[in-house]
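*Asks:* Using my numbering, you'd call the opening residue of the sequence shown number 2 and step up by one each time. Think of the CB as a built atom: it goes at the ideal place given N, C-alpha and C, for glycine as much as any other residue.
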Amino acid sequence: MAITFSAETLRLLDGPNYAVLATVNRDGSPQTSAMWVGRDDSDLLFSTVEGRAKHRNMLRDPRVSVTVLDSADPEIYVELRGRVSSITKDVGRRVDTGLSWKYNGRDPDPDLPGAVRVVVRVSVEKATGYAA
2 MAITFSAETL RLLDGPNYAV LATVNRDGSP QTSAMWVGRD DSDLLFSTVE
52 GRAKHRNMLR DPRVSVTVLD SADPEIYVEL RGRVSSITKD VGRRVDTGLS
102 WKYNGRDPDP DLPGAVRVVV RVSVEKATGY AA
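(1) What's the gap between the Cα of S30 and the Cα of N58?
(2) Which one of A8, T5, G130 has the shortest CA to CA distance from P75?
(3) To the nearest angstrom, how far is it from the Cα of R107 to the Cα of A128?
(4) Output needed for A23: all residues of its chain with C-beta closer than 6 Å, excluding positions within five of it in sequence on either side, in chain order.
(5) In chain order, which alpha helix (DSSP H) runs of at least 4 residues are fully inside the region 23 to 78?
(6) Roughly how many whole angstroms lie between the Cα atoms of L13 and G99?
(7) Are the CB atoms of N18 and V69 nearer to each other than 8 Å?
(8) Taking the straight line between their C-alpha atoms, what separation do you get for E80 and L45?
(9) Measure the alpha-carbon distance for V21 versus M36 and round it to whole angstroms.
(10) Please name the residue, chosen from R84, V92, L113, V121, that lies closest to G39 on a Cα-to-Cα basis.
(11) Please list, in chain order, all residues of the same chain as I88 whose beta carbon is under 6 Å from its beta carbon, the five residues on each side excluded.
(12) Take D28 as the anchor and find which of D42, S43, A54, T10 has the nearest alpha-carbon.
(13) Which residues does DSSP pair with E80 in a beta bridge?
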């Protein structure tokens with residue numbers, strides 16, 4: 002079931018505010034990655050490269066937490082918990098390029114040769130935190 006985001010959560014998600022993705026390592030310990038995030042309605046979207054720790058972790062265990070911090074005041078944040086609903090190829094780096102323009106105002110740097118870029122879609126089940 003889709004969650005309804007508060008106006009403050011939408012402001013954080015739609016602005017160039019960095020996020021921290023938490024995944025679960027094979028041994029049960031947490032793994033975190035700072036990243037760019039976007040959305041498609043109430044789903045979170047981000048791009049990564051196949052084979053990275055977060056990618057391997059999400060393939061094995063789809064449970065994730067994404068915390069988005071207000072770049073102007075990091076005490077304003079939202080934590081979004083949910084599950085990865087799909088991981089698909091980022092054809093033409095469309096999602097990665099869109100996020101690069103959102104955060105940097107330019108095209109992204111090239112990936113290393115042979116890198117396969119994917120789009121991760123997260124279905125949010127719970128929002129918590131100051132901006133929830």
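*Replies:* With the structure as the only source:
(1) Computed Cα separation, rounded: 11 Å.
(2) G130
(3) 31 Å
(4) P31, T33, S66
(5) 54 to 61
(6) 16 Å
(7) yes
(8) 12 Å
(9) Using only the alpha carbons, I get a separation of about 6 Å.
(10) The option with the nearest alpha carbon to G39 is V121.
(11) V119, V121
(12) A54
(13) For E80, which the question treats as bridged, DSSP gives the partners T68, T129.
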